[in-house]
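Working notes, structure below.
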Amino acid sequence: MGSSSRRLRAFKRWMRSQGIDFSDALQFTDDGEAISVRALCDLKVGDMVARIPKTTCLTVKTSGARDLIESAGLGGSLGLSVAVMYERSLGQSSPWASYLHLLPPHESLPLLWSLHEVDSLLCGTELHRTVKEDKAIIYEDWKENILPLLDSPLPFNLNPNFFSVEQYLAARSLIASRSFAIDEFHGSGMVPLADLFNHKTGAEDVHFTSVSSHSDSNSDTDCSKNDLQANTGDNESSSENSYSVGRGSDTSGGSDLDNSSVLGDHTTALEMIMVKDVKVGNEVFNTYGLVGNAALLHRYGFTEPDNPFDIVNIDLELVSQWSLSLFSGRYSRAKLSLWRRLGYSGCVSENTEYFEISSDGEPQIELLILLYIMLLPEDTYHKLDLTLSTKGNSNGSIGMILSEKGNFMLEKASEVSKDLLLTKDVCNALRLLADMRDSFYGSNSMKDDIEALGNCCIRRERKLYHSLILRISERGILERLRTYAASVAQAFRTAKQS
Numbered sequence: 002m003g004s005s006s007r008r009l010r011a012f013k014r015w016m017r018s019q020g021i022d023f024s025d026a027l028q029f030t031d032d033g034e035a036i037s038v039r040a041l042c043d044l045k046v047g048d049m050v051a052r053i054p055k056t057t058c059l060t061v062k063t064s065g066a067r068d069l070i071e072s073a074g075l076g077g078s079l080g081l082s083v084a085v086m087y088e089r090s091l092g093q094s095s096p097w098a099s100y101l102h103l104l105p106p107h108e109s110l111p112l113l114w115s116l117h118e119v120d121s122l123l124c125g126t127e128l129h130r131t132v133k134e135d136k137a138i139i140y141e142d143w144k145e146n147i148l149p150l151l152d153s154p155l156p157f158n159l160n161p162n163f164f165s166v167e168q169y170l171a172a173r174s175l176i177a178s179r180s181f182a183i184d185e186f187h188g189s190g191m192v193p194l195a196d197l198f199n200h201k202t203g204a205e206d207v208h209f210t211s212v213s214s215h216s217d218s219n220s221d222t223d224c225s226k227n228d229l230q231a232n233t234g235d236n237e238s239s240s241e242n243s244y245s246v247g248r249g250s251d252t253s254g255g256s257d258l259d260n261s262s263v264l265g266d267h268t269t270a271l272e273m274i275m276v277k278d279v280k281v282g283n284e285v286f287n288t289y290g291l292v293g294n295a296a297l298l299h300r301y302g303f304t305e306p307d308n309p310f311d312i313v314n315i316d317l318e319l320v321s322q323w324s325l326s327l328f329s330g331r332y333s334r335a336k337l338s339l340w341r342r343l344g345y346s347g348c349v350s351e352n353t354e355y356f357e358i359s360s361d362g363e364p365q366i367e368l369l370i371l372l373y374i375m376l377l378p379e380d381t382y383h384k385l386d387l388t389l390s391t392k393g394n395s396n397g398s399i400g401m402i403l404s405e406k407g408n409f410m411l412e413k414a415s416e417v418s419k420d421l422l423l424t425k426d427v428c429n430a431l432r433l434l435a436d437m438r439d440s441f442y443g444s445n446s447m448k449d450d451i452e453a454l455g456n457c458c459i460r461r462e463r464k465l466y467h468s469l470i471l472r473i474s475e476r477g478i479l480e481r482l483r484t485y486a487a488s489v490a491q492a493f494r495t496a497k498q499s
């Protein structure tokens, strides 16, 4: 714990030397694995607990490698990765040495796991395919954009040991989990102090804003934790304000954090303002957004039990497999075509179409409409097809569903009643799809996963722990989908008997 205390003291001295103001009411605690921020006294809404000059943020614009990065045309997380690797290569000569020394070598994101770990721990989850694709794209990024930089002329003379693919992955993991969108000029960057506040879903205690030195209350701009996924190299958020500030690049191989006079009267800072009261002794949390465990593990390397924002996706391909188990390929394609002609589609990402199942097990209505159409009797399907051909689909958003009497009803997509769609056959289809999706997790049952989690130590088996939380949360949603379908089917049976 001695070395942890020393690096924290060094970081505090560095912050003061760079003009970073932070409240004496904040206590920084380092347990050797992670740093947390606690309240030394009661904090009230509106209290400003930190003010961070933008010149102290590590960005492409402030890094000593600015000329190198900009001449190579690297933007977004690619450019910021080079800035981080370059400043790390300078060691104690970097103006950010005390800050960088406080950071871990890398974050334990799935992006850095071995392929064996990805296959064994994430099998069946929403992350499995995404992480494998990310790893391939990241390697190509490094090969095409980072490797050629090693031939850069003086004064840079880059050390290959700090620009390997492993170091690039490490830098990307820090950026994905810690960087913020600062403003239009700086883009995204590493913000000392701001990244020490831990996340808690739906429990934002402190808010991060960008403030001009001569601004009024109307020119404040929110700054947000970046969503820098591994395959979005140029994903930068811009603030509402336009900053026309500039800064000379230090071509001597280092950066000068004190050279803020170049910014003139437009010097800006970042402020951290309390948005909730926090009692003495409690941890002060930031929030990275209202996101489920798959996104938390992917971007930040951790999960939260009982996360209300978890979802499970059912791919259109899986629905097609279910349909082909009951009907011919020609029949299935015709029903899918009708569904599309009615103006419906699923969610689309990376050339994959899918349907979301929410945390409470409720399916996306577009999935219910598709299943309903797939299960229509042949004569009813032809009648619907003829009606659609006659009426057309001019507004692109109408849904056509059948009432119990067989009369056609035209409604807007947002107004289609789930009660009319949840027939006995549709409910059975939902249960079958839940079973098919659950089979992706392998031979272990959910009970096995829960037992494994109970025997898992988060400190020693961090990857296993968080992958189990993700698996259990996703499989819990599938179980709730089965319950949802069964309860509706039971209601039909009860109504029929009565």
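For what it's worth, my numbering labels the leading residue of the sequence shown as 2, then goes sequentially. Backbone N, C-alpha and C fix where the C-beta goes; we use that ideal spot for every residue, glycine too.
- Our two residues, residue 159 and residue 143, have alpha carbons roughly 15 Å apart in a direct line.
- DSSP assignment within the segment 448-499 yields no whole beta strand (DSSP E) run of 3 residues or more.
- For residue 435, the uninterrupted alpha helix (DSSP H) run begins and ends at 425-439, by DSSP.
- Within the DSSP bridge table, the entry for residue 179 names no partner.
- CA-CA distance, residue 45 to residue 288, rounds to 18 Å.
- For the options 339, 450 and 128, the alpha carbon positioned closest to that of residue 297 is the one of 128.
- Counting only residues of its own chain and dropping the five nearest sequence neighbours on each side, residue 179 has a CB closer than 7 Å to the CB of 191 and 196.
- Within the same chain, 28, 30, 282, 283, 284 and 285 come within 7 Å of residue 39 by CB-CB distance, once the 5 residues on both sides are set aside.
- When beta bridges are read from the DSSP output, residue 190 appears opposite 181.
- Around the beta carbon of residue 336, 16 or more other beta carbons lie within 10 angstroms, which makes this residue buried.
- Looking from the CA of residue 34, the closest CA among 371, 105 and 76 belongs to 105.
- The C-alpha of residue 430 lies about 22 Å from the C-alpha of residue 386.
- Residue range 269-275 is occupied by the beta strand (DSSP E) that includes residue 269.
- As for any beta strand (DSSP E) of minimum length 3 sitting wholly inside the segment 40-113, the runs are 49-54, ordered along the chain.
- A distance below 8 Å separates the beta carbons of residue 389 and residue 343.
- The segment 310-328 makes no contact with the segment 63-82; the number of CB pairs closer than 8 Å stays below 3.
- For residue 365, the three-state secondary structure derived from DSSP is coil.
- When the beta-carbon positions are compared, residue 308 and residue 202 come within less than 8 Å of each other.
- CA-to-CA, the gap between residue 147 and residue 432 works out to about 48 Å.
- When C-alpha distances from residue 361 are compared across 293, 17 and 331, the shortest belongs to 293.
- Going by DSSP, residue 27 is part of the beta strand (DSSP E) stretching over 27-31.
- Taking the Cα of residue 163 as reference, the smallest distance to any Cα among 82, 13, 154 and 425 is reached at 82.
- Under the three-state reduction of DSSP, residue 285 is assigned to coil, being neither helix nor strand.
- Short of 7 Å from the beta carbon of residue 481, and not among the five residues preceding or following it, lie these beta carbons of its own chain, in chain order: 361 and 362.
- In the same chain as residue 384, and ignoring 5 residues on each side of it, no C-beta atom comes closer than 6 Å to its own.
- Secondary structure note for residue 353: its beta strand (DSSP E) is the uninterrupted segment 353-358.
- Residue 169 and residue 86 have their alpha carbons spaced roughly 7 Å apart.
- In the displayed model, residue 316 falls within a strand according to three-state DSSP.
- Distance from residue 478 to residue 374 at the Cβ level is roughly 24 Å; contact not present, criterion being Cβ atoms closer than 8 Å.
- Note on geometry: alpha-carbon atoms of residue 391 and residue 117 lie some 55 Å from one another.
- Shown here, residue 310 sits in coil according to DSSP, grouped into three states, outside any helix or strand.
- In the assembly as shown, residue 47 is an exposed residue. Its beta-carbon has fewer than 16 other beta-carbons within 10 Å.
- Considering only 323, 110 and 151, the residue with the shortest C-alpha distance to residue 131 is 110.
- Assignment of beta-bridge partners to residue 36 by DSSP yields 31.
- Boundaries of the alpha helix (DSSP H) harbouring residue 132: 129-142, taken from the DSSP string.
- Fewer than three pairs of CB atoms, one per stretch, sit closer than 8 Å, so the segment 442-459 makes no contact with the segment 321-335.
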